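Participant: Structure incoming, see below.
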Amino acid sequence: MSRIRTIKPEFFSSSDIVSLTPLSRLFYIALWCESDREGRLVWNTKTLKLRYFPSDKCDIESMGKELIDAGLIEIYQNSGTDYACIPTFKKHQVINNREAISILPSRDCDASSTRESGDQGEGKEGREGKGREDDSRTSSKAVSKKQTQLPEDFGISDRVKDWAKENNHFQLESRLQHFIGYAKSSGKKYLDWDQAFMNAIRDDWAKLGKDSPASTSQSEWMEVVIRKAKERDAAR
141 MSRIRTIKPE FFSSSDIVSL TPLSRLFYIA LWCESDREGR LVWNTKTLKL RYFPSDKCDI
201 ESMGKELIDA GLIEIYQNSG TDYACIPTFK KHQVINNREA ISILPSRDCD ASSTRESGDQ
261 GEGKEGREGK GREDDSRTSS KAVSKKQTQL PEDFGISDRV KDWAKENNHF QLESRLQHFI
321 GYAKSSGKKY LDWDQAFMNA IRDDWAKLGK DSPASTSQSE WMEVVIRKAK ERDAAR
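Mapping of the sequence shown onto our numbering: residues 141 to 376, in sequence order.
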């Protein structure tokens, strides 16, 4: 059941929001409407797709992953059912006193936690949930994770390189310089700087246009040619 929720003007310029793709931002708002007064909801992406994006051609799984990777929602399980929660939901929402109490289990009584905690928007701080304790391993300890400013040694990691090759993105050095300049000038803070950089590459923050052989170095393009040839050979 959808509910009426509040959206603050600063939402649109919040650092963790502007790094999301537009549809993922809209999906995040939709989850506020889906959540009960405690910020909890049943996590069923097929149902959420039909309810909030019925006629849109979009990858709801990828959109959900964006929100999870950004620390904006947590996914957890209880009695075999997947749930999601927005950790600071009540910090940003004014709940009508007549709204029904939550009947969904809280994350504190997880049967198995699958994500670390995040925040709904501005200035988030999370903690890793406790896992199930058994004979072979102890429960995980709570840790804090905050948004940080740009690391002094930030560069193109192997994670970013692998992702860029897989998605045919190039001109990484130029994109990196633009991203670093933007992050420093705006004082941005992120939980995951690699993910923020990948979002910037995907959305072409540097305005370098669509990658093509003419816009890439010869070595970069040859890597793509070789990789695609291997993929074709493997598919035969």
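Where is the CB? At the ideal position from N, CA and C, for every residue including glycine.
Being a predicted model, the structure only gives us computed values, none of them experimental.
Output the residue ranges of the beta strand (DSSP E) runs that lie fully inside the stretch 161-223 and measure 3 residues or longer, sorted by chain position.
Facilitator: For the stretch 161-223, whole beta strand (DSSP E) runs of length 3 or above, ordered along the chain, are 180-182 and 214-218.
Participant: Less than 8 angstroms between the beta carbons of phenylalanine 310 and tryptophan 345, yes or no?
Facilitator: The answer is no: Cβ separation not under 8 angstroms.
Participant: For serine 142, tell me which candidate among Lys329, Val158 and Arg191 has the shortest Cα-Cα distance.
Facilitator: When each option's Cα is compared against that of serine 142, the closest is Arg191.
Participant: Counting beta carbon pairs with one atom in the stretch 221-234 and one in the stretch 174-181, are three or more of them shorter than 8 angstroms?
Facilitator: With a cut-off of 8 angstroms, the stretch 221-234 and the stretch 174-181 count as touching, because enough Cβ pairs lie within range.
Participant: Along the chain, which unbroken stretches of the alpha helix (DSSP H) at least 4 residues long are found entirely within the stretch 289-360?
Facilitator: Correct list: 298-306, 312-326 and 333-342.
Participant: Rounded to a whole number of angstroms, what is the C-alpha to C-alpha distance between serine 242 and glutamate 306?
Facilitator: Answer to the nearest angstrom: the Cα atoms are 42 angstroms apart.
Participant: For arginine 145, I'd like the list of residues in its chain whose CB is within less than 7 angstroms of its CB, leaving aside the five on either flank, ordered along the chain.
Facilitator: Excluding sequence neighbours, arginine 145 sits near Trp172, Cys173 and Gln233.
Participant: Shortest alpha-carbon distance to tyrosine 322 belongs to which of Phe152, Ser159 and Phe151?
Facilitator: Per the Cα distances, Ser159.
Participant: Under 8 angstroms between the Cβ atoms of glycine 316 and alanine 304?
Facilitator: The amino acid at residue 316 is misidentified as glycine; the sequence shows leucine. No, the pair does not count as a contact, with Cβ atoms beyond the cut-off.
Participant: What residue range does the alpha helix (DSSP H) around isoleucine 157 cover?
Facilitator: From DSSP, the alpha helix (DSSP H) with isoleucine 157 extends over 155-158.
Participant: Could you check whether alanine 210 and serine 348 sit closer than 8 angstroms to each other, using their CB atoms as the reference points?
Facilitator: For clarity, residue 348 is leucine in the given sequence; the question names serine instead. Contact: no.
Participant: Between lysine 286 and arginine 238, what straight-line distance do the alpha-carbon atoms span, to the nearest angstrom?
Facilitator: When rounded, the distance between both Cα atoms is 34 angstroms.
Participant: Going by Cα to Cα distance, which pick from Ser153, Phe294 and Lys148 is closest to serine 326?
Facilitator: Here the closest residue by C-alpha is Ser153.
Participant: Just to check my reading of the structure: serine 155 and lysine 324 have Cβ atoms closer than 8 angstroms, yes? What is that Cβ distance to the nearest angstrom?
Facilitator: Not really, about 13 angstroms apart at Cβ, beyond 8 angstroms.
Participant: I believe isoleucine 200 touches isoleucine 169 by the beta-carbon criterion, under 8 angstroms. Please report the beta-carbon distance rounded to the nearest angstrom.
Facilitator: No, isoleucine 200 and isoleucine 169 are not in contact; Cβ-Cβ is about 14 angstroms, not under 8 angstroms.
Participant: Could you spell out the range, first to last residue, of the alpha helix (DSSP H) harbouring lysine 148?
Facilitator: Lysine 148 -> no alpha helix (DSSP H), and no H or E assigned at all.
Participant: Is the Cβ-Cβ distance between threonine 161 and aspartate 343 less than 8 angstroms?
Facilitator: Their beta carbons are under 8 angstroms apart, which means threonine 161 touches aspartate 343 by this criterion.
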